[in-house]
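As structure tokens, the structure follows; a few thoughts come after it.
2 protein chains.
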Amino acid sequence: MWNSNQLTDQLKIKYPIIQAGMAGGITTPELVAAVSNAGGLGNVGAGYMRAEDMRHTIRAIHKLTTQPFGVNVFNPEYPETKQDYIDQTNDLLSPIRKELGVAPVSISEDTPSTLFAEQIDVLLEENVPVISFTFGIPSKEMIQKLKAANKILIGTATTVEEAIMNEASGMDMVVVQGSEAGGHRGTFNGSFEKAMIGTVALVPQVVDRVNIPVIAAGGIMDGRGVLASVILGAQGVQMGTAFVTSVESGAKKQHKEAILNSAEDGPVMTSAFSGKPARGVENKFITSMKQHEQQLPDYPIQNTMTNAIRKEAAKQNKPEYMSLWSGQNTRLSQNKSADQIISDIVSQIRNISQGF
Amino acid sequence: MWNSNQLTDQLKIKYPIIQAGMAGGITTPELVAAVSNAGGLGNVGAGYMRAEDMRHTIRAIHKLTTQPFGVNVFNPEYPETKQDYIDQTNDLLSPIRKELGVAPVSISEDTPSTLFAEQIDVLLEENVPVISFTFGIPSKEMIQKLKAANKILIGTATTVEEAIMNEASGMDMVVVQGSEAGGHRGTFNGSFEKAMIGTVALVPQVVDRVNIPVIAAGGIMDGRGVLASVILGAQGVQMGTAFVTSVESGAKKQHKEAILNSAEDGPVMTSAFSGKPARGVENKFITSMKQHEQQLPDYPIQNTMTNAIRKEAAKQNKPEYMSLWSGQNTRLSQNKSADQIISDIVSQIRNISQGF
């Protein structure tokens with residue numbers, strides 16, 4: 001049976017369908033709770049969240065569901081501050097800031113490790129059974145502390161090697177992110193470009209080499225994708241784009257519409273928004289920044305530099321300056337409730353399975 | 357049942373497993389016949405073959421099998437002859453030619469349409485039930501002529517739009533080539549880069565929009581991949597890399613070894629060998645030519661310019677100058693007979709299906 005395995009047992013969920021912890025306001029308490037109430041695992045995308053905001057969100061979710069859910073956090077990164085690149089990018093962004101009436105951004109010395117430690121403290125204080133990590137693997141000490149607190153830990157990998165590293169670190173499960181996926185690449189050990197492996201190729205190669213449950217991600221939107229992933233050897237799936245356009249999603253309406261109206265070749269890879277490669281629906285910002293991608297400040301400095309632009313662009317209804325993250329399976333996107341998305345998957349799988 | 361549908365009926369084959377018609381000497385009569393005798397559909401990769409060589413190959417296959425098989429041909433392309441790019445590329449290739457003792461190549465005015473017409477004449481004269489096309493769609497007249505001769509025609513698509521164009525042209529089936537695939541991209545209508553859609557995302561989007569049988573390709577190597585493709589909505593699969601390393605394959609031993617020893621991130625996209633994007637195991641030639649990829653002569657001129665280098669490199673055992681075409685699912689490659697590859701797929705699918 002597709003929905004009864006080690007993963008569903010460990011996570012205590014009915015269906016091995018994990019809603020990706022997408023950052024940037026998409027994963028409202030309503031979305032997370034709706035997914036968990038429907039039998040999947042909802043996840044808060046807390047990557048950029050201040051610790052106290054995360055706490056409020058977690059408490060809001062507990063009011064909406066008694067089912068398990070998770071929180072996704074970003075391992076801290078230590079960018080090199082290349083002042084040349086920052087100055088140059090400020091010049092490039094200046095006309096857009098003027099058009100939108102947005103003030104220039106001053107780049108302070110980031111303290112990403114402080115934020116991360118504070119987030120982890122909140123996760124230890126609040127009742128959150130599942131914690132997932134993107135952009136690398138936390139320290140041995142932190143993993144031990146979280147495991148001692150009975151947290152289930154999920155890592156992210158984009159290559160076989162990264163999956164093996166996750167297993168070796170003590171992660172309980174690993175999300176394997178195929179090249180179809182929307183949003184940021186989770187690559188943390190080697191070339192982003194070479195780690196663009198399609199889900200159909202990546203999943204079986206990882207499954208053959210790790211013993212922890214593998215969660216397939218990238219291009220999975222419906223019952224066909226879920227069942228195909230299970231056949232490839234995954235115990236579950238993580239779906240992002242499918243939930244971005246859901247009724248409960250906090251994604252901006254322009255973001256939802258961009259996905260709903262996009263063809264499969266609409267979402268392209270870009271580093272222009274954050275300094276790190278990510279897949280989103282192509283727009284003016286991506287195309288105009290493309291030639292400058294080699295001279296952008298590192299992630300997350302570039303993310304900080306474009307943040308106000310993206311927010312203000314949404315307010316002024318200028319999707320040409322927004323980050324419209326999306327995977328490649330856009331034509332399967334629908335504006336349905338999260339509950340409906342999951343029940344449709346379940347009945348689609350039931351229909352397909354009857355053919356065997 | 358995965359192996360009983362419109363595709364298997366039309367092609368009169370037992371299993372919907374199509375061995376890709378890979379050009380360059382890989383698809384020996386022994387390989388094609390072995391696949392067809394095992395219940396799949398063997399295919400001659402005749403893209404670069406002279407018409408009379410194709411005729412001899414077809415006759416050799418008829419001596420080895422009574423089962424249906426196919427021939428793949430390339431739609432002719434009309435490159436722009438940019439003398440600057442040719443001169444510049446000759447300069448780049450000159451040290452390699454010296455190292456290998458290979459003479460410079462003179463680029464004659466190509467007559468690709470003459471070759472194509474001659475190939476089609478042979479296909480009409482000889483008993484070949486299935487003809488597949490890469491790099492575009494043949495003329496209406498040619499399609500009518502082939503259909504009048506009861507040939508089954510298979511097109512190649514890398515986007516939904518290209519699949520729709522294939523169906524509208526009268527193709528009986530369409531191969532849908534995901535970004536995982538090895539060798540040349542079949543893209544013929546738009547940007548190569550944007551048409552890099554993973555199999556998991558591409559197949560269901562195409563299936564929802566065409567009525568002819570869809571054949572999934574890209575990253576499919578075993579029973580898991582075949583069954584997953586069927587669940588995504590494909591009626592069959594096309595497998596290339598899996599057969600390159602087979603016993604009966606005519607691939608050079610260095611080519612087979614490169615795939616067998618490669619990790620999943622070994623095969624990269626390159627235009628360096630032919631002027632058209634293709635996926636192969638990264639080597640010195642690819643890395644050293646990468647910075648010049650924007651100034652290469654068009655396909656197939658660049659292919660002609662590197663042809664002698666690649667052949668001689670194989671003889672001198674210098675895989676660093678060979679085109680080592682491969683998809684992304686390298687870790688699943690094995691040096692088995694084609695018959696064994698197919699029977700392993702069949703028993704793997706039987707085992708998986710019993711779990712339903």
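Protein sequence lines correspond, in order, to chains U and F. Take 1 as the starting number for the first sequence in the working numbering and just add one per residue. Take 357 as the starting number for the second sequence in the working numbering and just add one per residue. All residues carry an ideal CB built from backbone N, CA and C; glycine is no exception.
Judged by DSSP in its simplified three-state form, Arg97(U) adopts helix. Between Gly240(U) and Gly170(U), the C-beta spacing is not below 7 Å.
Contact annotation: in the region 595-629 of chain F, residues whose CB is within less than 7 Å of a CB in chain U are Ala619, Glu620, Asp621, Val624. When Cβ pairs closer than 8 Å are counted between the two stretches, the region 257-264 of chain U is seen not to touch the region 616-624 of chain F, the count staying below three. As the crow flies, the alpha-carbon of Gly250(U) is around 25 Å from that of Leu11(U). Note on Ala504(F): under 16 other CB atoms within 10 angstroms of its CB, so exposed under the neighbour-count rule. Assignment of beta-bridge partners to Gln650(F) by DSSP yields no partner.
Every unbroken stretch of the beta strand (DSSP E) spanning 3 or more residues and falling wholly within the region 416-494 of chain F is given here in chain order: 425-430, 486-490.
The Cβ of Gln658(F) sits no closer than 7 Å to any Cβ of chain U.
Rounded to whole angstroms, the gap between the alpha carbons of Ile86(U) and Pro297(U) is 6 Å.
Residue pairing by DSSP places Asn399(F) opposite Gly426(F) in a beta bridge. Within its own chain, the residues whose Cβ lies closer than 6 Å to the Cβ of Lys284(U), once the five positions on either side in sequence are excluded, are Glu320, listed in chain order. Not flagged as an interface residue toward chain F: Phe285(U), since no C-beta distance is shorter than 7 Å. By the rule that beta-carbons nearer than 7 Å mark a contact, Ile705(F) does not touch chain U.
The alpha helix (DSSP H) runs lying completely inside the region 309-355 of chain U and spanning 4 residues or more are 338-354, given in chain order. Taken through DSSP and simplified to helix, strand or coil, Gln177(U) comes out as strand.
A distance below 7 Å between beta-carbons, with the five flanking residues on each side excluded, links Val566(F) to the following residues of its chain, in chain order: Ala519, Ile520, Glu523, Val530. Listed along the chain, the chain U residues whose CB falls inside 7 Å of the CB of Ala584(F) are Val200, Ala228, Ile231, Leu232. At least one beta carbon of chain F lies nearer than 7 Å to the beta carbon of Glu180(U).
The shortest C-alpha to C-alpha distance from Pro138(U) to any of Pro76(U), Gln177(U), Met196(U), Val206(U) is the one to Pro76(U).
If only uninterrupted alpha helix (DSSP H) runs of at least 4 residues are considered, those enclosed by the region 550-628 of chain F are 555-563, 579-587, 597-600, 609-616.
Listed along chain F are Ala619, Glu620, Asp621, each with a C-beta nearer than 9 Å to that of Thr159(U). Under a criterion of Cβ atoms nearer than 9 Å, no residue of chain U is adjacent to Pro633(F); the nearest Cβ is some 14 Å distant. Of all alpha-carbon atoms in Ile476(F), Phe491(F), Val484(F), Thr512(F), the one lying nearest the alpha-carbon of Glu497(F) is that of Ile476(F). Taking 7 Å as the CB threshold, Pro29(U) stays off the interface with chain F. Shown in chain order are the members of the region 685-701 of chain F whose Cβ falls below 9 Å from a Cβ of chain U: Asn685, Thr686, Arg687, Leu688. Exposure of Tyr434(F) is indicated by the presence of fewer than 16 other C-beta atoms within 10 angstroms of its C-beta.
Going by DSSP, Ala157(U) is part of the beta strand (DSSP E) stretching over 152-157. Within the DSSP bridge table, the entry for Val637(F) names Pro623(F) as partners. Pairing Phe69(U) with Gly42(U) gives a Cβ-Cβ distance under 7 Å. When C-alpha distances from Thr158(U) are compared across Ala234(U), Ala217(U), Thr304(U), the shortest belongs to Ala217(U). When DSSP reads this structure, His540(F) sits in a beta bridge with Ala634(F). Under the three-state reduction of DSSP, Ile414(F) is assigned to helix. Residues Gln254 of the same chain have their beta carbon placed closer than 8 Å to that of Asn317(U), with the five preceding and five following residues left out of the count. Within the DSSP secondary-structure output, Ile374(F) pairs in a beta bridge with Leu397(F), Gln594(F). Closer than 7 Å to the CB of Ile553(F) there is at least one CB belonging to chain U.
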